[in-house]
Amino acid sequence: MRVGVLALQGDFREHLFALEECGVSASLIRRPSELAAVDALVLPGGESTAIANLARSFDLFDPLKARISAGMPVYGSCAGMILLADRVLDAAVGQETFGGLDITVRRNAFGSQVDSFETDLDFAGITNPPVRAVFIRAPWVESVGPSVEVFATFEHAVAVRQGALLATSFHPELTGDNRIHRFFIESVARPALEKAAVK
Amino acid sequence: MSQNVGTARVKRGMAEMLKGGVIMDVVNVEQAKIAEAAGAVAVMALERVPADIRAQGGVARMSDPDMIEKIKAAVSIPVMAKARIGHFVEAQILQSLGVDYIDESEVLTPADMENHIDKWNFTIPFVCGATNLGEALRRINEGAAMIRSKGEAGTGDVSNAMTHMRSIGGEIRRLSTLREDELYVAAKNMQAPYDLVKEVAETGKLPVVLFTAGGIATPADAALMMQMGADGVFIGSGIYKSGDPAARAAACVKATTFFDDPKVLADVSRGLGEAMVGINVADLPVAHRLAERGW
């Protein structure tokens, strides 16, 4: 499985290291040709407005949206969650997302940086020890559609999955704990790709 | 479950999210909106850009809270603000306003000629300027969660930023070649804490994100700093002192992402109008050189 990390802006290198530690072939994606060469994608933390702008400017926006609609497995953390959301509250004027996840997220929902925090979190299936979750000007999931599963909650839903799409409000790439990346690869992306191959 | 705010990981992590991005100085709501639309990852709210501070002289201080709050209300991206070196009360005020990052900045007139702010006392993270590795590590020791090379703000002359990036990068590379028993003297010579010197020698990088600032005026300048190893760039006077700020802002954002692709850099450099006129750093009297502030 070849996994790309969208590398327009943000902490994409941390995601790259996490994926490499999980033993998959990982690469940075800035161009449509690079996107075409991967089976799955990670959308990193960063500024969702800046990332969407750059994707638009460099002809990645529509191809990415099309790949997501066609079933490409994607994991998004923080800004990545916003970019996967179908609906965004407190968005910037004209802010676009790739969409695909039937959720409504609220940007910067926990407050400004002085309110950013870390905490232990129970993430479905990953419990011993709990996940140390780092929330940085993080969004939360305000509401979910019927086919979305909630995997973790802190005040609101903060980790969700719908089919081949996984999103967290927090940043597992900052803690050196790769269990959520591993979960994405083994339990989300691999089954989705195998199912697509059978078809 | 309990939650911890203001941890080193939360403070440093915020800077990780800004990487590969451009942080732009803005003096009003209109400029902040232009910056956000251009793809800035954050704005620095201040009353006068460094070029004007230079031109007008006088004591430069923290901005009016009203002005900072208006900018906070106008954009969804992070808002930073500057406090004077050592002025911990300005920092307390900025923290109470809920800005996202404080720049303890040599661009403002220093309030303390010996001490910097004890940044561990704050929940809000700080970025500080540095001209060399020793200075960067002293700031990190005081709690800075992000470093920016200083350059010479308000000049549009990138040469000092270049000197500082070469100095920081060169000293990091040199440390990694030393024997372990030579690190004590290295720490003494660079007037930096031994533990941080040892950490840099082992990892080959700063323990926090390193941006560049001071004198960046063109997309090529931004890409130059990225190729020198910066994690991102601050652009102060370079955007709003130019002929077409919106176009230049967007071009600098694109150049920071595609810093290693000359074809993209050529495309984004076209038709930007006048760059800021600028001042050669060599023509500045020593007393007007901001990079030399900070200890």
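These protein sequences, in sequence, are chains A and B.
Going by the numbering used here, 141 is the number at position 141 of the first sequence; the sequence numbering is gapless.
Going by the numbering used here, 68 is the number at position 68 of the second sequence; the sequence numbering is gapless.
Ideal placement from N, C-alpha and C gives every residue a C-beta, glycine not left out.
Computed from a predicted model, the values in this text were never measured in an experiment.
Simplified DSSP state of residue i, which is helix, strand or coil
{"i": "Glu30 of chain B", "result": "helix"}
{"i": "Cys22 of chain A", "result": "coil"}
{"i": "Gln95 of chain A", "result": "coil"}
{"i": "Asn128 of chain A", "result": "strand"}
{"i": "Leu84 of chain A", "result": "helix"}
{"i": "Cys78 of chain A", "result": "coil"}
{"i": "Val253 of chain B", "result": "helix"}
{"i": "Asn132 of chain B", "result": "coil"}
{"i": "Lys119 of chain B", "result": "helix"}
{"i": "Val107 of chain B", "result": "coil"}
{"i": "Met276 of chain B", "result": "coil"}
{"i": "Glu194 of chain A", "result": "helix"}
{"i": "Ala7 of chain A", "result": "coil"}
{"i": "Asp25 of chain B", "result": "strand"}
{"i": "His156 of chain A", "result": "strand"}
{"i": "Thr119 of chain A", "result": "strand"}
{"i": "Arg148 of chain B", "result": "strand"}
{"i": "Lys241 of chain B", "result": "coil"}
{"i": "Glu173 of chain A", "result": "helix"}
{"i": "Phe259 of chain B", "result": "coil"}
Span separating the alpha-carbon of residue i from that of residue j
{"i": "Leu97 of chain B", "j": "Ala249 of chain B", "result": "27 Å"}
{"i": "Ser242 of chain B", "j": "Gly273 of chain B", "result": "8 Å"}
{"i": "Gly134 of chain B", "j": "Ala291 of chain B", "result": "15 Å"}
{"i": "Asp118 of chain B", "j": "Val134 of chain A", "result": "24 Å"}
{"i": "Asp283 of chain B", "j": "Ser76 of chain B", "result": "40 Å"}
{"i": "Gly125 of chain A", "j": "Lys82 of chain B", "result": "44 Å"}
{"i": "Gln3 of chain B", "j": "Glu21 of chain A", "result": "28 Å"}
{"i": "Gly156 of chain B", "j": "Tyr240 of chain B", "result": "12 Å"}
{"i": "Asp122 of chain A", "j": "Lys195 of chain A", "result": "28 Å"}
{"i": "Thr257 of chain B", "j": "Gly4 of chain A", "result": "16 Å"}
{"i": "Ile85 of chain B", "j": "Pro146 of chain A", "result": "53 Å"}
{"i": "Pro63 of chain A", "j": "Ala55 of chain A", "result": "10 Å"}
{"i": "Val5 of chain B", "j": "Val160 of chain A", "result": "24 Å"}
{"i": "Met162 of chain B", "j": "Gly20 of chain B", "result": "18 Å"}
{"i": "Glu114 of chain B", "j": "Ala109 of chain A", "result": "39 Å"}
{"i": "Ser143 of chain A", "j": "Asn121 of chain B", "result": "37 Å"}
{"i": "His15 of chain A", "j": "Ala251 of chain B", "result": "26 Å"}
{"i": "Val200 of chain B", "j": "Gly169 of chain B", "result": "11 Å"}
{"i": "Val26 of chain B", "j": "Leu183 of chain B", "result": "42 Å"}
{"i": "Thr7 of chain B", "j": "Met14 of chain B", "result": "11 Å"}
{"i": "Asp59 of chain A", "j": "Glu34 of chain A", "result": "12 Å"}
{"i": "Ala189 of chain A", "j": "Ser25 of chain A", "result": "13 Å"}
{"i": "Ala35 of chain B", "j": "Arg166 of chain B", "result": "29 Å"}
{"i": "Asn160 of chain B", "j": "Ala130 of chain B", "result": "11 Å"}
{"i": "Thr203 of chain B", "j": "Val79 of chain B", "result": "31 Å"}
Residue nearest to residue i in terms of C-alpha spacing, selected from the options
{"i": "Met62 of chain B", "options": "B:Ser167, B:Ala111, B:Asp267", "result": "B:Ala111"}
{"i": "Ile103 of chain A", "options": "A:Asp120, A:Ala85, A:Leu174, A:Val93", "result": "A:Ala85"}
{"i": "Val22 of chain B", "options": "A:Leu41, A:Ala50, A:Leu35, A:Val144", "result": "A:Ala50"}
{"i": "Phe259 of chain B", "options": "B:Ala223, B:Pro207, B:Gly39", "result": "B:Ala223"}
{"i": "Val201 of chain A", "options": "B:Gly86, B:Ala74, B:Ala192", "result": "Chain A is shown from 1 up to 199; residue 201 of chain A falls before or after that span and cannot be answered."}
{"i": "Glu173 of chain A", "options": "A:Phe12, A:Leu8, A:Ala7", "result": "A:Phe12"}
{"i": "Leu43 of chain A", "options": "A:Leu54, A:Gly10, A:Arg67", "result": "A:Gly10"}
{"i": "Val277 of chain B", "options": "B:Gly154, B:Pro207, B:Leu183, B:Asp221", "result": "B:Gly154"}
{"i": "Asp231 of chain B", "options": "B:Val26, B:Ser149, B:Phe122", "result": "B:Ser149"}
{"i": "Val10 of chain B", "options": "B:Met225, B:Ser105, B:Val209, B:Asn132", "result": "B:Val209"}
{"i": "Ala91 of chain A", "options": "A:Thr127, A:Trp140, A:Asn128", "result": "A:Trp140"}
{"i": "Val89 of chain B", "options": "B:His116, B:Met80, B:Pro78", "result": "B:His116"}
{"i": "Ile68 of chain B", "options": "B:Ile93, B:Val59, B:Pro207", "result": "B:Ile93"}
{"i": "Val268 of chain B", "options": "B:Ala275, B:Ala187, B:Ala255", "result": "B:Ala255"}
{"i": "Val105 of chain A", "options": "A:Asp39, A:His156, A:Asp177, A:Ser57", "result": "A:His156"}
{"i": "Leu265 of chain B", "options": "B:Gln227, B:His288, B:Asp244, B:Asn280", "result": "B:Gln227"}
{"i": "His164 of chain B", "options": "B:Gln56, B:Ala45, B:Asn132", "result": "B:Asn132"}
{"i": "Leu46 of chain B", "options": "B:Asp64, B:Asn189, B:Met17", "result": "B:Asp64"}
{"i": "Ala52 of chain A", "options": "A:Pro32, A:Val198, A:Thr97", "result": "A:Thr97"}
{"i": "Thr127 of chain A", "options": "A:Arg67, A:Ser27, A:Ala36, A:Arg179", "result": "A:Arg179"}
{"i": "Lys188 of chain B", "options": "B:Val43, B:Arg138, B:Pro125", "result": "B:Arg138"}
Presumed contact (8 Å Cβ cut-off) between residue i and residue j, rounded CB distance
{"i": "Gly151 of chain B", "j": "Thr218 of chain B", "result": "Their Cβ separation, rounded to whole angstroms, is 14 Å, which puts Gly151 of chain B and Thr218 of chain B out of contact at 8 Å."}
{"i": "Gly229 of chain B", "j": "Val158 of chain B", "result": "Rounded, the Cβ-Cβ distance is 15 Å, inconsistent with contact."}
{"i": "Ala40 of chain B", "j": "Ala246 of chain B", "result": "Between Ala246 of chain B and Ala40 of chain B the Cβ distance is about 11 Å, and since that is not below 8 Å, they are no contact."}
{"i": "Lys198 of chain B", "j": "Ile172 of chain B", "result": "Contact flag wrong, Cβ pair sits at about 13 Å."}
{"i": "Glu47 of chain A", "j": "Ala79 of chain A", "result": "6 Å"}
{"i": "Met1 of chain A", "j": "Leu166 of chain A", "result": "Wrong, their Cβ atoms sit about 15 Å apart, outside the cutoff."}
{"i": "Val59 of chain B", "j": "Thr123 of chain B", "result": "Actually they are not in contact, since the Cβ atoms of Val59 of chain B and Thr123 of chain B sit about 28 Å apart, beyond 8 Å."}
Legend entry - Contact the stretch 142–149 of chain B vs the stretch 29–41 of chain B: 3+ CB pairs below 8 Å: As far as the Cβ criterion goes, the stretch 142–149 of chain B does not touch the stretch 29–41 of chain B, which means the pair count is below three.
Legend entry - Contact the stretch 233–241 of chain B vs the stretch 173–188 of chain B: 3+ CB pairs below 8 Å: no
Inset, instruction - Spell out a yes or no on whether the stretch 96–114 of chain A and the stretch 69–85 of chain A are touching, meaning 3 or more CB-CB pairs, one atom from each, closer than 8 Å. - result: yes
Inset, instruction - Determine contact between the stretch 110–128 of chain A and the stretch 87–107 of chain B, defined as no fewer than three beta-carbon pairs at a distance below 8 Å. - result: Yes, the stretch 110–128 of chain A touches the stretch 87–107 of chain B.
Inset, instruction - Please determine if the stretch 65–72 of chain B and the stretch 48–55 of chain B are in contact, where contact requires at least 3 C-beta pairs separated by less than 8 Å. - result: no
Inset, instruction - Inspect the CB distances between the stretch 165–185 of chain A and the stretch 187–203 of chain B and report whether three or more fall short of 8 Å. - result: no
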